[in-house]
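Student: First, the structure itself, so that you have it in front of you.
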Amino acid sequence: MPKRVKRRIAFLPPDALVYYRGRWIPASEVTPKRRRKIDIAREELARRVVKEIIRSPDSCITRDRLLELSEEVARRIGLKRRVGYRFLITEGIIGRIRGSTAYYLTERAKELFPELFEKTS
Numbered sequence: 300m301p302k303r304v305k306r307r308i309a310f311l312p313p314d315a316l317v318y319y320r321g322r323w324i325p326a327s328e329v330t331p332k333r334r335r336k337i338d339i340a341r342e343e344l345a346r347r348v349v350k351e352i353i354r355s356p357d358s359c360i361t362r363d364r365l366l367e368l369s370e371e372v373a374r375r376i377g378l379k380r381r382v383g384y385r386f387l388i389t390e391g392i393i394g395r396i397r398g399s400t401a402y403y404l405t406e407r408a409k410e411l412f413p414e415l416f417e418k419t420s
């Protein structure tokens, strides 16, 4: 019976230099592919939500529609699971009025995406 070899996983220290995209950079600056995809998906979801709210007659969006949009964006970018929409609330892009189930845009959305608001003016 063959002897089992223990697999060892080696992690680079953050200050180690790695060759990444044609240049030598510290290992701490390299971002994993999945993390980049999630960041891209979040940016896309934020833009889609802002556009959707601007276009809607009530200027609001429901949780169901937020979930639909997050699933669409995740599928489009190639993620297995949907992108969470809670970051929109914690970043201050959308918020809810007490007693309401709808989410509304905040001033922060206008600061982050001024080009989307210029089209409506």
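Here our numbering = 1-based position in the sequence shown + 299.
Just so it is clear, CB atoms sit at the ideal spot from N, CA and C, and this is done for glycine as well.
Predicted model, so just to flag it, every value in this text is computed and none were measured.
(1) May I have the straight-line CA-CA distance separating Ile-337 from Ile-388, to the nearest angstrom?
(2) Tell me Pro-325's beta-bridge partners as DSSP assigns them.
(3) Hey, Arg-362 and Thr-400: beta-carbon distance below 9 Å or not?
(4) Beta-carbon within less than 8 Å of Leu-316's beta-carbon, same chain only, minus the 5 sequence neighbours each way: which residues are those?
(5) Hey, how far is the Cα of Asp-357 from the Cα of Glu-343?
(6) Please determine, among Phe-416, Ile-352, Lys-379, the residue with the shortest C-alpha to C-alpha distance to Leu-365.
(7) Is the region 365-376 touching the region 405-417, taking contact as three or more C-beta pairs under 8 Å?
Tutor: Taking the definition as stated:
(1) The residue given as residue 337 occupies position 38 in the sequence shown. The residue given as residue 388 occupies position 89 in the sequence shown. Their backbone Cα atoms lie some 17 Å apart in a straight line.
(2) Position 26 of the sequence shown, counting from 1, holds the residue named residue 325. Looking at the DSSP assignment, Pro-325 forms a beta bridge with Leu-316.
(3) Residue 362 sits at position 63 when you count from the first residue of the sequence shown. Residue 400 sits at position 101 when you count from the first residue of the sequence shown. Yes, Cβ-Cβ distance for Arg-362 and Thr-400 is below 9 Å.
(4) Along the sequence shown, read from residue 1 onward, the residue named residue 316 stands at position 17. Only Trp-323, Ile-324, Pro-325, Ala-326 meet the Cβ criterion.
(5) Reading the sequence shown from its first residue, position 58 is the one you call residue 357. Reading the sequence shown from its first residue, position 44 is the one you call residue 343. Cα to Cα, the separation comes out at about 22 Å.
(6) Walking along the sequence shown from the start, residue 365 turns up at place 66. Out of Phe-416, Ile-352, Lys-379, Ile-352 has the C-alpha closest to the C-alpha of Leu-365.
(7) no
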